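Undergrad: First to last, the sequence lines map onto chains A and B. With positions in the first sequence counted from 1, the corresponding number in our numbering is that position plus 10. With positions in the second sequence counted from 1, the corresponding number in our numbering is that position plus 2. A virtual CB, placed ideally from N, CA and C, is assigned to each residue, including glycine. Every value quoted in this text rests on a predicted model; they were computed, and no experiment measured them.
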Amino acid sequence: MHAEPKTPLDVQVIAANLKHDGARRLWRSLEELARTPEYDAFLHDEFPNDPEKEPKPARHGLNRREVLKLMAASAALSGLTACTKLPTEKIVPYVRAPEEVIPGRPLFYATSMVDRGVAVGLLVESHMGRPTKVEGNPDHPGSLGASNIFCQASVLTLWDPDRSQVVLREGRISDWPAFLAMAADLRANFTSTKGAGLRMQFPKAKWYTHEPCGNYAARQGARMAFGRNVNSVYRFDQAAVVVSLDCDFLNDGAASVRYARDFANWREIETPRAQMNRLYVVESTPSITGAMADHRLPIRCGEIEIFARALGAALGLPLRGASSAVPDSWMKAVSRDLQNHRGSSLIVAGASQSPSVHALVHAINASLGNAGQTVIYTDPIELSPENDSLSELVKEIEAGQVSTLLILDSNPVFTAPADLQFAQQLLKVSLRIHCGLYDDETAELCHWHIPQAHFLESWSDARAYDGTVGIVQPLIAPLYHGRSLHELLALFTDDIGESDHALVRDYWRREHSQPSAEQFGNLWEKTLHDGVMAGTALPALSPKLILDYGKLPDVPAHNEQSIEVVFRPDPTIGDGRWANNAWLQELPKPLTKITWDNFVALSPATAWRLGLTTGDVVNLNIGGWKASGPMWAQPGHADNSATVTLGYGRKRAGHVGTGFGLNGYLLRTSSAPAIASGLQIEKTGKTYLMAATQIHHPIERNNQQVEEESENAFARDLVRIATLEEFRKNPQFAREPEKEVATGLSLYPPFKYEGYAWGMSIDLSRCTGCQACVIACYAENNIAVVGKYEVMAGRDMQWIRVDNYYRGSLENPETYFQPVPCMHCEQAPCEIVCPVGATLHSPEGLNEMVYNRCVGTRYCSNNCPYKVRRFNFKLYSDWVTPSLYGLRNPDVTVRSRGVMEKCTYCVQRINAVKINAEKEDRLVRDGEIQTACQQACPAQAIIFGNINDPDSRVSKLKHQTRDYSLLAELNTRPRTTYLAKLRNPNPEISST
Amino acid sequence: MAQVFHHSTNLISRLTIYGFFLLVAVGGFIPYWIDGSPYVTEANVPKAQPVPFSHKHHTAELGIDCRYCHTSVEQSSFAGLPPTETCITCHSQIWKNSPMLEPVRQSFRENRSIEWVRVNALPEFVYFDHSIHVAKGIGCTTCHGPIGAMPLTWAANSLKMSWCLDCHRHPENNVRPKDEVFSISYQPPAHQIEFGTKLVKEYKIYSLTDCWTCHR
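Structure (structure tokens):
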């Protein structure tokens, strides 16, 4: 292994460095503050872990003769390979060509993806029947053309070779007809007993739902507040002041795609006069919503309820016992800000919070006049919005009342709360049938396992966050004879043998009884084409608030010294269902930048109090439920609080996701699914290496300069930040540091750009750090996954990375995100050092990387100050697995070993659009070319276009005063520039 | 002191020195020459196909337009190979019992594609687009040669990068009026350079020679 053992962090050094550099310094990690040798290695070298220095097999003493022999042989071989003939290829045309398919041109189909019951509308790119890339559907209210990491990564799951491929009967290969025969017997049996089957047909059948990270508290809260279940649709576009109580609305759940857009629209400030919204976040675990906050307050998750009551009391609600540890000035300022924005403020509560918090939030929103303005209530969008009824199911199993159990698209053996002992209970059921994408932990314990069809292989329907109906339309016939849940359930109803297409279409035919068959046909075609059924958003309700403040349950007492544990779905692999998706495993978790693992997150102060340092393995014990895993000290985490993300520790996920990580479900009980107190943490003395990219690719600043002229040097920071007030006073703040930099000076003749000149602008005020861009880039550009140990060596292949920077104290730092793709410099340092001309400047200003010329000297990456070049140290691309051939974008080369690669500005898209425009004898229109990262971005932080056209969006952005270049003093004149980050803190709160 | 080496040693040493340079030159040239020869590029070598399809018969003799079969040439990077159905439209009426066409009928009967042998194979890492070349006045026969005279089809050119660049650097040498693009009998005028320069201007043809035009 090449990664050196980690040096323990020195608390004293960190504290001293923070103190010395003051509040203005940006820092990226505790390792940077502690100046560990690992950090220095990454700072000075793009790829510090040289494969030459890796331990070699013992026999490696080459003598002179062997060297000569090898040289001769390689010379001869290289000569010979030059003469190879291309192998004979076959062209295999269709027998009967399908309509609309033009070989070489992709088609796009509208469909929807469902995440925890809420749909995001998608357009999926299909190359001759192969779905290769997922984009958001601009016509869908839940997407508006953007998507999130799960939408982007879903296409890899479709082609995942580990998906279950055959019907299994007691673990052995069986087939569908055998299952059908069994199902027919079962059905006959049901008919006689009226007992087990489906609800309507067989009245005694029961339906249980289990969503490991569902929003049950919100439903109960709605019942408390309104006496009925409602769906809350937030209007962030209307909300000038937002208070989030542990709600990660910018990242968690399908609705976040739309919410991020609405929120970010407030953050883009073109003129100093423009208005900006203000976000307050109260949370225990740092989230990207917390990072976007103008004021963030880290308090223990269990104490947020106290905060909610205090806020309610401050706003005049009749609440008792509302005392909070929050500074009084803070509370007053927040409540005054809310009072000043009646009808245009918004309070939101997260899934971790108790039903009473949700009920209180409804009450506060009502008292501020926000109901109907910034929060719209509708009927629930789920068909049967019941609470997590898994414990009820277990009770009935124990009572011997369940004879047949159908488990559909769920993995309760892995995800059930630990106290239910679900695996043992399940074995008491006499017939167990499982249908899922993977032969997982639950499938193992079932008599039958039916491979489920992926959503890109089946028909269904789903509602968006506001209730708009979208049809799930297949892009490809099931790869492994998977069955959709509709088909499977139909076996037990009158619709036996019906296809999922017929079932879905007939349902909507019945819903539209008015129009004639022909009219419905047109409506259906239009719905399939657009991806949404027009006018199906649920109407707004105005439910009456019936909350009895006196009857609110008491806040559970919290012992100051006891440590609470907070359970969250993992930010990249969800509740565990994405565990076998290598793109998501290798995607750095937001903020900690850890890949391939989860951990126990603690605040640095709590960690040091317990004598722990990052990477220490700890034993966790909560009420007798135990697990163990590594600890990570996370700046900004609330003290005396620990966060464990769920989803890791899978035993049967597939080749990618099995056998590592800390299984948080082992600690979680049905009585405390979100927060539990009384966690005991015990140091084991062992350490565990985690692959965190936080210290990778740091950009080196001139340290001496930083020390000498500290004020000015900080102003020249990589991320430039101002408050709205500062910006109004000095709109030029981002550009000031470069006044004395002489740009344009060069020893080389300047390039002339007569046609297009491509450029990019990234708005740091809009960027939420969700990393949808990173996964979009994987899918678009056939980027390889390298695995945990290669990531540790600094060899991850992501063409765009999202750096995050902290500023301020360890307890509550401000957090900033900066996406960094290739800068496409006007005077690129990489171009002049390539000995074989493999990286060149194009007449449109692109910095070209030519794989077939590259010999792998790595001089270019050595000379790149932005550290955006990626090298294939090994054969990272999978050239063997047949199903992955189907996944690849045919317009982009799959790179091999020994080749440098980097962001191309999606040149395949540029070329395709340019060719189209040329054929139509016109210029490329502004916005016609979207890079993959730009298209995926929910916040529209990335804009690409022609900077030679003064009217293009990107030109206008680059002319804003907030525009600045990274490392402008190096005179590289990057084509990718940034718009400085603006914050809008409340002047009444000094600094938090 | 007597001479150690005989006079003839001079000759031997000269031969050795010059011979070495000659060997390097020849040794370098031969692989280069082989690499560019039809043996490697397969230019001008007719390829055997599952059905001995004659472009000569179908185009020059029958006058079928290129686009009748290569339908996507104006829209896509790939010119398109006809589905069996296209063959059958005519060959269910004429030559319907010809043993030569049995693979076509079999394909249609069994719903199994005919596996044609690729004649013009581009090297790796190259992304070529037919549609833009056709749209800018580059005729089929410019690259595919005298297709109307090919009983069995062969590649008329090496498809080596230098050959592509010849035209990308000087498109005026080959451009023709747009309405002649699909003509198989088009002959460039005597004053092609002058005529071509005019067309290059009229059709807004750019001399695109940067790497990412074709490689990416």
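What three-state label does DSSP hand residue 24 of chain A in the structure shown?
TA: Three-state DSSP puts residue 24 of chain A in a helix.
Undergrad: Mind listing the chain A neighbours of residue 104 of chain B? Cutoff is C-beta to C-beta under 9 Å, in chain order.
TA: Under the 9 Å cutoff, chain A gives no residues; its nearest Cβ is about 15 Å from residue 104 of chain B.
Undergrad: Measuring alpha carbon to alpha carbon, tell me which of A/130, A/736 and A/37 ends up nearest residue 482 of chain A.
TA: It is A/130.
Undergrad: Restricting to Cα atoms, I'd like to know which of A/768, A/994 and A/277 is closest to residue 247 of chain A.
TA: Residue A/277 is the option with its Cα nearest to residue 247 of chain A.
Undergrad: What separation, rounded to the nearest whole angstrom, lies between the Cα atoms of residue 224 of chain A and residue 781 of chain A?
TA: Each residue's alpha carbon lies about 23 Å from the other.
Undergrad: Over the uninterrupted alpha helix (DSSP H) stretch that includes residue 927 of chain A, give me the two end residues.
TA: Element bounds for residue 927 of chain A: 917-929.
Undergrad: I need the DSSP call for residue 350 of chain A, collapsed to helix, strand or coil.
TA: Helix, per DSSP.
Undergrad: Only counting the same chain, and skipping five residues up and downstream in sequence, which positions put a Cβ closer than 7 Å to that of residue 98 of chain B?
TA: None.
Undergrad: Given that a residue counts as buried once 16 or more other Cβ atoms are within 10 Å of its Cβ, and exposed if not, what is residue 195 of chain A?
TA: Exposed: under 16 other Cβ atoms inside 10 Å.
Undergrad: I need the straight-line Cα distance from residue 162 of chain B to residue 25 of chain B, nearest angstrom please.
TA: Their Cα atoms are separated by approximately 26 Å.
Undergrad: With a floor of 4 residues, list each alpha helix (DSSP H) that falls wholly inside the stretch 402-466 of chain A, ordered by position along the chain.
TA: Listed in chain order, they are 422-425, 432-436 and 451-454.
Undergrad: What residue does the alpha helix (DSSP H) around residue 43 of chain B start on, and which one ends it?
TA: Its alpha helix (DSSP H) spans residues 40-43.
Undergrad: In angstroms, rounded to a whole number, what distance separates the CA positions of residue 990 of chain A and residue 773 of chain A?
TA: Cα to Cα, the separation comes out at about 7 Å.
Undergrad: In the stretch 854-941 of chain A, which residue ranges form an unbroken beta strand (DSSP E) of at least 3 residues, counting only runs that do not cross its ends?
TA: Within the stretch 854-941 of chain A, the complete beta strand (DSSP E) runs of at least 3 residues are 857-859.
Undergrad: The beta strand (DSSP E) with residue 177 of chain B in it runs from where to where?
TA: No beta strand (DSSP E) holds residue 177 of chain B; DSSP gives it neither H nor E.
Undergrad: Does the beta carbon of residue 126 of chain B sit closer than 8 Å to a beta carbon anywhere in chain A?
TA: Residue 126 of chain B counts as touching chain A.
Undergrad: With a threshold of 7 Å, establish whether the CB of residue 809 of chain A neighbours any heavy atom of the ligand MN.
TA: By its list of ligands, the structure shown contains no ligand whatsoever, and the ligand MN lies outside what it can speak to.
Undergrad: For residue 11 of chain A and chain B, any beta-carbon pair shorter than 8 Å?
TA: The pLDDT assigned to residue 11 of chain A is 39, lower than 50, so where the model puts this residue is not dependable, and the model offers no usable value.
Undergrad: Work out the CA separation of residue 614 of chain A and residue 25 of chain A for me, nearest whole Å.
TA: Cα to Cα, residue 25 of chain A sits roughly 11 Å from residue 614 of chain A.
Undergrad: Can you name, in chain order, every residue of its own chain whose Cβ lies under 6 Å from the Cβ of residue 284 of chain A, other than the five neighbours on each side?
TA: Contacts found: none.
Undergrad: Taking C-alpha atoms, which residue in A/937, A/950, A/946 and A/176 lies nearest to residue 961 of chain A?
TA: Measuring from the Cα of residue 961 of chain A, the nearest candidate turns out to be A/937.
Undergrad: Decide yes or no for the touch test of the stretch 92-111 of chain B against the stretch 11-31 of chain B: beta carbon pairs closer than 8 Å, at least 3 of them.
TA: No: the two stretches stay apart, fewer than three of their Cβ pairs being nearer than 8 Å.
Undergrad: Shortest alpha-carbon distance to residue 887 of chain A belongs to which of A/898, A/879, A/877 and A/878?
TA: When only C-alpha atoms are compared, the closest one is A/898.
Undergrad: Cutting at 6 Å between CB atoms, please list the residues of its own chain near residue 52 of chain B, excluding the five before and the five after it.
TA: The residues are 105 and 116.
Undergrad: Going by the DSSP bridge assignment, what does residue 305 of chain A pair with across the sheet?
TA: Answer is A/290, bridged to residue 305 of chain A.
Undergrad: Taking CB distances under 8 Å as the criterion, tell me whether residue 22 of chain B reaches chain A.
TA: It does not; no Cβ of chain A falls within 8 Å.
Undergrad: Over what stretch of residues does the beta strand (DSSP E) that includes residue 584 of chain A continue unbroken?
TA: Taken as a continuous stretch (DSSP letters only), residue 584 of chain A belongs to no beta strand (DSSP E), as it is neither H nor E.
Undergrad: Give the residues of chain B in contact with residue 115 of chain A, contact being defined as C-beta atoms less than 7 Å apart.
TA: Neighbours of residue 115 of chain A on chain B, chain order: 77 and 78.
Undergrad: Once DSSP output is grouped into helix, strand and coil, what is the label at residue 179 of chain A?
TA: Residue state, collapsed to three classes: strand.
Undergrad: Roughly how many angstroms separate the alpha carbons of residue 139 of chain B and residue 896 of chain A, rounded to a whole number?
TA: Looking at the two C-alpha atoms, the distance is approximately 35 Å.
Undergrad: May I ask you to report which of helix, strand or coil DSSP gives residue 770 of chain A?
TA: Note: residue 770 of chain A maps to strand in three-state DSSP.
Undergrad: So, with DSSP's three-state summary, where would you put residue 186 of chain A?
TA: Residue 186 of chain A: helix per DSSP, three-state reduction.
Undergrad: With a cut-off of 8 Å, does the C-beta of residue 721 of chain A fall near any C-beta of chain B?
TA: In this prediction, residue 721 of chain A scores a pLDDT of 48, lower than 50, which makes its location untrustworthy; no coordinate-derived value is stated.
Undergrad: From this set, A/345, A/193 and A/477, which residue's C-alpha is nearest residue 388 of chain A's C-alpha?
TA: Among A/345, A/193 and A/477, the Cα nearest to that of residue 388 of chain A belongs to A/477.
Undergrad: Between residue 113 of chain B and chain C, is any beta-carbon pair separated by less than 8 Å?
TA: Checking the listed chains, one finds no chain C in this structure; the protein chains it contains are A and B.
Undergrad: Look at residue 137 of chain A and residue 995 of chain A and say whether their C-beta atoms are less than 8 Å apart.
TA: Result no, Cβ atoms of residue 137 of chain A and residue 995 of chain A do not sit closer than 8 Å.
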